[in-house]
Amino acid sequence: MFLLSGILIIIVGFAIGLNPLLVVTVSAFVTGLIGHLDPVAIVSGLGKAFVDSRSIAIAWLVLPVVGLIESRVLRERAQRMIAQVHAATTGRVLLIYLIVRQVTAAFGLTTLGGHAQMVRPLIAPMAEAAAETHFGKLPDKVRYKIRAHAAGTDNIGVFFGEDIFIAIGSILLIRNVMHQQGVEVEPIDLALWAIPTAIMAFLIHGTRLLLLDRRLKREIALDAETAPVEEAGQ
Amino acid sequence: MINLEFIYVLAGLWFAAVAVTNFRDRSNPRRYKSALFWGIYAVTFLFGSYLPPFVNGCLVLVMVAAAGIGHLGQGKPNTTSPAEREAGAARWGNLLFVPVLTIPAVTVAGALLLKYVVIDGKPLVDPKQVTLVSLGLGVIIALIVGLAILRPRLLTPVTEGRRLMDSVGWAAVLPQMLAALGALFAAAGVGKVISEIVLSVVPADNSFGIVASFTVSMALFTMIMGNAFAAFPIMAVGIGLPLIVLQLHGNPIIMAAVGMLSGFCGTLMTPMAANFNIVPAALLELPDRYGVIKVQIPTGILLLIANTVLMYFTVFRY
């Protein structure tokens, strides 16, 4: 049971916001000491496991290519394409973004989207504008809900798209953890088995987005009913 | 025979370039520390295979100290201006996507075809590492294609890539450290303790119960730690491999792939994953800092259930 204290260190260390690299190293030392390894053996074990896990860092090799293209407009191009979409409702704007985000992430373009780069400057305003053309001025509550959904759609799109790309950290991490336990798995097979979940994520979240329009309508109607009452009470 | 060492050298050269550009960048307030961090990282790639494990371990400790005590600095490299990029968007159009799509195209083609390339009775590429070697080739070819189409200065990929690398910072090393920790946990017997706990709750022959305990604990541990990468080595060594794969003869690929994605469902539902869930709430000026998490929870729960069912129906069949 004491062996689990290493896990406890990770949980507490991450929770209080210490640097995760530091937390992981301390956890490794404590677990090793409890498991009766001497310090030299722990450092050696860490060194060996770290060097054996280098294949995970292959994901970073892609950055010079992405950086080159990005500096030459990739993001502007993507923003232009998305801005040209004339989707009628909030739900449909977000649904289209969900598709774009999942598909581009599946090709390794995870840096194309993101909250600072895409959601705040483009997706959230577009989703709000679509609601405004239907309902006029939006109550704050509704406006915040739309923004929250814009951010959520970005997260869900990238999480359940990126694993279809082979050179992504999670796929390489899986391959390595399995390799160290003596089980060989091919990154390409792992990527293929990320597809069913990607489809289910699209169906589940896509349905929620389409239902969102109706919910917004209801909330706005409710807000319009209650608002005058508040005024009368003043 | 080309094997992973080829990729390691490639990555080592890349990290060395990041170290050198940081070292020479006076706009980075902590340029020596950044250079030290990336320089040592480069050494583990270029020479890690030949150094004794203890030396490698010491290098890791120095890196952790450099990143963990205080911060790494970030320079302000010259990048293109919005106006230049707008002009570029008009000029190159969708041609821009070609270099980026080259990477997955070459990787998949290489993974499928390179296996059959034999020279003097020996395979050209180590058959076990075909995908990753193809990926390395894909990056090189994509760079050449990109340089040919865009004709920037030759060093532009380095300066622009380094800008992205610096914004990732020490987090770039975290997945590798977590994998190393997983290996150490396994060696110390942590996995065994966890599987005993699971078996004390779920009967060993209840395959649905075992699968559900794996997917749900992946999500829960991810919520606690804010990181599916941290949860995976622990849960794979504790439940996935010993119980689903070894005992119930499940497919390791499906166990691992769907297990990791169950962890991602947890990421949607936790404030610990601040980058994804708390930062955007601030960025979008939401009064409720949990606003984003709240709209993600229904998708997170439904998808976790869907993943559990998916794994149960596929992992013992394929």
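Line order of the protein sequences matches chains R and Z.
The opening residue of the first sequence carries number 486 in the numbering used here; numbering runs sequentially from there.
The opening residue of the second sequence carries number 23 in the numbering used here; numbering runs sequentially from there.
Think of the CB as a built atom: it goes at the ideal place given N, C-alpha and C, for glycine as much as any other residue.
Since this is a predicted model, take the numbers as computed values, not measurements.
Could you name each continuous alpha helix (DSSP H) segment of 4 residues or more that falls completely within the region 58 to 96 of chain Z, going from the start of the chain to the end? You should have 75 to 90.
Could you check if ILE256(Z) is buried or exposed, using at least 16 other CB atoms within 10 Å of its CB as the buried criterion? buried
Do GLN666(R) and LEU200(Z) have their C-beta atoms closer together than 7 Å? no
Buried or exposed: which applies to VAL570(R), given that a residue is buried once 16 or more other Cβ atoms fall within 10 Å of its Cβ? exposed
When the distance is taken between beta carbons, is VAL82(Z) closer than 7 Å to LEU522(R)? no
7 Å is my cut-off, CB to CB: does ASP708(R) come that close to chain Z? no
DSSP state of ILE449(R) mapped onto helix, strand, coil: Chain R is shown only over 486 to 719; residue 449(R) falls outside these bounds and no answer can be derived.
Please name the residue in ARG53(Z), PRO51(Z), PRO74(Z) and VAL86(Z) whose C-alpha comes closest to that of LEU506(R). VAL86(Z)
Going by the DSSP bridge assignment, what does LYS98(Z) pair with across the sheet? For LYS98(Z), DSSP records no beta bridge to any residue.
Along the region 507 to 522 of chain R, where does the CB come closer than 8 Å to a CB of chain Z? Name the residues. LEU507, VAL509, THR510, SER512, ALA513, THR516, GLY517, ILE519, GLY520 and LEU522
For ALA133(Z), which residues of its own chain have a beta-carbon under 7 Å away from its beta-carbon, when the five flanking residues on both sides are left out? Here the set comprises VAL152, THR153 and SER156.
Among the residues of its own chain, which have a CB less than 6 Å from the CB of ALA615(R), if the five just before and after it don't count? So the list reads THR574, THR575 and VAL578, once near-sequence residues are dropped.
Which residues bound the alpha helix (DSSP H) around ARG628(R)? 625 to 647
Over what stretch of residues does the alpha helix (DSSP H) that includes MET23(Z) continue unbroken? From DSSP, MET23(Z) is part of no alpha helix (DSSP H); its letter is neither H nor E.
Neighbourhood of ALA39(Z) by C-beta distance below 6 Å, restricted to the same chain and skipping five residues each side: VAL180
Assuming HIS600(R) contacts VAL301(Z) (C-beta within less than 8 Å), just tell me the rounded distance between them. Yes, they are in contact, since the Cβ atoms of HIS600(R) and VAL301(Z) sit about 6 Å apart, within 8 Å.
Roughly how far, in whole angstroms, is the beta-carbon of ARG586(R) from the beta-carbon of LEU305(Z), given that I think they are within contact range, below 8 Å? Incorrect: roughly 17 Å between the Cβ atoms, too far for contact.
Closer than 7 Å, CB to CB, is GLN96(Z) near chain R or not? no
Thinking C-beta only, is PRO75(Z) closer than 7 Å to SER529(R)? yes
With a threshold of 7 Å between beta-carbons, can MET282(Z) be considered close to chain R, or not? Output row for MET282(Z): interface = yes.
Helix, strand or coil: which one does DSSP assign to PRO145(Z)? strand
Label MET23(Z) either buried or exposed according to how many other C-beta atoms from any shown protein chain fall within 10 Å of its C-beta, with 16 as the threshold for buried. exposed
For PRO320(Z), collect the residues of the same chain with a Cβ closer than 7 Å to its Cβ; drop the 5 residues on either side in sequence, then sort them by chain order. none
So is SER490(R) in contact with chain Z if we call contact Cβ pairs under 7 Å? no
Note down, in chain order, each residue of its chain lying with its Cβ closer than 8 Å to the Cβ of LYS316(Z), except the 5 sequence neighbours on either side. Apart from sequence neighbours up to five positions away, the residues of its chain that approach LYS316(Z) with a beta-carbon distance below 8 Å are ASP310, ordered along the chain.
From which residue to which residue does the alpha helix (DSSP H) around GLN151(Z) run? That residue, GLN151(Z), is in no alpha helix (DSSP H); it is neither H nor E in DSSP.
Going along chain R in order, which residues have a C-beta closer than 9 Å to the C-beta of PHE254(Z)? SER655, LEU658, ILE659 and VAL662
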